[in-house]
Each structure stands twice: as structure tokens, then as C-alpha cells.
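The numbers in our numbering rise by one with no breaks, and the one at position 259 of the sequence shown is 243.
Ideal Cβ placement from N, Cα and C applies to all residues, glycine included.
Bear in mind the structure is a predicted one, so any value in this text is a computation, not a measurement.
To keep things clear, I will list the structure first and then write my remarks on it.
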Amino acid sequence: MTTQFDSIYHGTGVELGKIRFAPVGIAWKALESEDNIMIQAGDIKYCQWLRFDHDKVSQLVTQHYKTQLETKEISVKGWNWGSTDVQGESNALVFYSNSPKYRLRPRIHEVSLEFATAAPPSGQPKSKKGRPDELTEIRFYVPGTHEGEGDEDEDVSAAQAFHDMIKEKADIGQVIGDVLVSFSEVNIQTPRGRYDIDMFPTFLRLRGKTYDYKILYSSITRLFLLSPDDLHVEMVVGLDPPIRQGQTRYPYLRMLFGRDEDLETEIQMDEEQLKTKYEGKLEKKYDGPAHEVVSRIFRGLSGKKIIAPTTFRSHEEMYGIKCNLKAVQGTLFPLEKSLFFVAKQPHLIEFTDIHQVVFSRMGSGTARTFDLKIVSKTGPE
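Structure below.
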């Protein structure tokens, strides 16, 4: 026996659907698209209801799933101070508000939780109504210290203890699968810091002192290998969607290597699997300049080719030109199909997107500089 309710939204989505309760589980189906969500009865740990029809749904939950339907109140008071707890085996994080005070959060003692954005199902067209509103980040201000569990354990900040608890319960620090190869203390310019890079079959993981990131290879759009000077080689990884630190988005990951820096490593996979799965794109062992080793492994795992300067040379025999984009100093690399300005926030200009190029302040006596203005077809100058 099944019971159906119409005009039901799934999560924070904007598309109406129908929900059905049956002894085998719960199912929600969208009205306009082919989206279909099914939950088996054995996977249901607890149920909560926020609004009306509580009695009818409560009877169905008790009858089919042998559990009680809890009443969950929605807080609309705007309070932002309280305590946290981890609920049950499901590791649900609960925030209890108990003081109607508003405080400006300082940057120290903060723990930021960033949530993955929902991706549309593969092969499904984008909805005309646009993407629904999503919660992408919560910041907690956690003052004070946390006592160590043992006599020998040192006290740590309450923010660090809260961070470690979330990391453990959410399995952020633990990933499924075996690490193929790791790189330690990689000098990353954007976002700035030293990060350990763990590369898995379908994603890579950046581990820094403050931030951890999980980046799918499918989100890598481009790979660049550039030489800003005679001493360094820079590898730039284009990302879509970009990684975030607070409100700042980073659509490019910039790694800096010394030209004379060597690296020897080995892929943790037998040669037969490498041949069958990656079709010769990955080798078992690598030994050579660090920028070549890392870029070749990125190319093999992501399937993206490496873009590098070809014929252009400056009057100093360099691949790039030192210049400023407004007040930002960087290096402009003329590539085969684009111009790439590399700075803290790189800018890529495709030649096919250029509408007009204007040179000004040229030949003005002793001046050694000139202005270059590029007008694009799809955006501003």
C-alpha cells in the first residue's frame, strides 16, 4: 500500500514533485524533469517533519519504518550564539541558540564549513528557472581553549578542537580509495601557502595548515606550463567550479617550481593496470625536473593537454612580458590561441573572443612603456 502527497519540493529545490510512502521506502519524483529520489526503508535512521500533515505522516512512518516522527521547530529569531552537538550515529551537526546577542566575528578563532554545491544530473538540461538557493558556507566563532583528554595532552584552542571534531565526523580527513602518488610541501602561489597534494584515481586533495580541498579531475579545464623567469617554472591549473576561501573564489591553481628542482616518484599501481586503465598516459616511475613530473601526472590523470608558449620571445628572450593590469603586476604570456595574464588572480583572453585591440602612448619620446587595451566580444575591456 502506498500513500502519495502532491506539490512537494525536494530540499531547497524550486521544482515541484510528488512524494510516496510505501513499506519498501520513500520516493520523490519531479513533475517536469526525470529527477527521481528513492530511499530504502532500511536506510532510514530517523524522520523529521517541519510543517503540517504531521499526524498522517507520523502514522505512516510508525507503520512502515518502526520509528517515531520528531517535530522539528524552525528558528526565525536570528540568534547567532549557542552550543553545538553531534547527534547520533548519523553524525548530524546540531546548533542550539540560547542567547539573543549579535556579535561581529573576528577573524581569529573562526571555523569555516564549506559545503559542496549540488550538480545537475549528467545529461539533464539546465532548468529554465535557474539553480536553487543553496547554503555554501557557515562560519563559527569558537573562543576559549579545550582541555586535553590525558595528562600528557596539551590544551588546544576550542576552535581547533571543534575543527578536528567536524573533520573526524564528516570524514574530511579520510578519503575512499588508495593514493596513487603524493607531493609534499608544494609551493602554491594561488591560493598562497604550502600544500601537500595527494592524487587519487578520480580526484586530488590539497592539504594545508588551514584549508583542505578536494578537487575532481573532471573540474580541471586547462593545464598551463609557463616560465616567468630563468629560475622558475609555473604550472597553472584551471578549475570550474573554482575553489573558495571565504568569499574569494580561485578559478586557477598556481604552483611554482624551481627550474633546477628534481623529483623522483612512483605511481602506486601495477603496470598492467596503468596500461589498461590509462592507455599509456601514465608511467610507473618518474624521475626528472619537478615541474615536468608533476605536469605529466596531472595530464595523465585529468586527460587535459598541457598548454605552453610556442614561438613568442621577448627582446630579453623570455616567454612572457612583465606588465600591469590596472594596479596588478603580473606576466602576460602570448600563447597559440590566447593571451594569459598570470598574477594573483590570472585572466585568460581567448583570441576568438577579442573584438578590438588598441595601442596607445606609443613613440612618446623617452617613454619605454605603452598601453594595450583589449575589447572583448562578450565582456568588458
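Backbone secondary structure at residue i - three-state DSSP
i, result
"Thr(-14)", "coil"
"Phe324", "strand"
"Tyr201", "helix"
"Gly(-3)", "coil"
"Gly222", "strand"
"Arg352", "coil"
"Arg89", "Here Arg89 scores only 39 on pLDDT, less than 50, and its place in the model is too uncertain to base an answer on."
"Lys268", "coil"
"Ile28", "coil"
"Phe146", "helix"
"Ser81", "Because Ser81 sits at a pLDDT of 48, beneath the cut-off of 50, its placement in the model cannot be relied upon, and the point is left open."
"Glu301", "coil"
"Glu118", "coil"
"Glu373", "Nothing in the structure corresponds to residue 373, since the chain is present only between -15 and 365."
"Gly363", "coil"
"Pro109", "With a pLDDT of only 49 at Pro109, under the threshold of 50, the placement of this residue in the model should not be trusted, and no figure is reported."
Residue j beta carbon less than 8 Å from that of residue i
i, j, result
"Ile290", "Leu164", "no"
"Ala327", "Val312", "yes"
"Lys13", "Gly(-3)", "no"
"His93", "Val126", "yes"
"Gly222", "Arg233", "no"
"Met239", "Asn171", "yes"
"Ile21", "His38", "no"
"Pro293", "Leu210", "yes"
"Val217", "Arg178", "no"
"Phe99", "Glu121", "yes"
"Pro273", "Glu245", "yes"
"Lys50", "Gln32", "no"
"Ser286", "Tyr201", "yes"
"Arg4", "Gln(-12)", "yes"
"Thr249", "Tyr262", "no"
"Ile333", "Ser322", "yes"
"Leu97", "Ile150", "yes"
"Lys288", "Ile204", "yes"
"Glu255", "Lys268", "yes"
Segment limits, alpha helix (DSSP H) that includes residue i
i, result
"Lys259", "255 to 262"
"Arg280", "274 to 286"
"His48", "38 to 49"
Which residues DSSP lists as bridging residue i, in chain order
i, result
"Tyr179", "Val170"
"Arg4", "Gln(-12), Ala11"
"Ser141", "Thr129"
"His216", "Gly242"
"Phe184", "Per DSSP, none; premise fails for Phe184."
"Asp196", "Arg191"
"Thr249", "Tyr270"
"Val165", "Met183"
"Phe124", "Val95"
"Phe208", "Val220, Ile291"
"Arg228", "Arg233"
"Met22", "Ala11"
Rounded distance between the beta-carbons of residue j and residue i, thought under 8 Å
i, j, result
"Met183", "His275", "16 Å between Cβ atoms; not a contact."
"Phe208", "Ile199", "That pair is no contact at about 16 Å."
"Thr174", "Leu258", "About 31 Å; that fails the 8 Å criterion."
"Glu169", "Asp180", "7 Å"
"Pro226", "Pro235", "4 Å"
"Pro318", "Phe296", "4 Å"
Residue i: first and last residue of the uninterrupted beta strand (DSSP E) it sits in
i, result
"Asp355", "355 to 360"
"Ser344", "338 to 344"
"Arg238", "232 to 242"
"Gln313", "312 to 318"
"Glu334", "331 to 334"
"Phe187", "187 to 191"
"Val95", "94 to 98"
"Thr55", "53 to 55"
"Leu368", "Coverage of the chain is limited to positions -15 through 365, which leaves residue 368 absent and any answer about it impossible."
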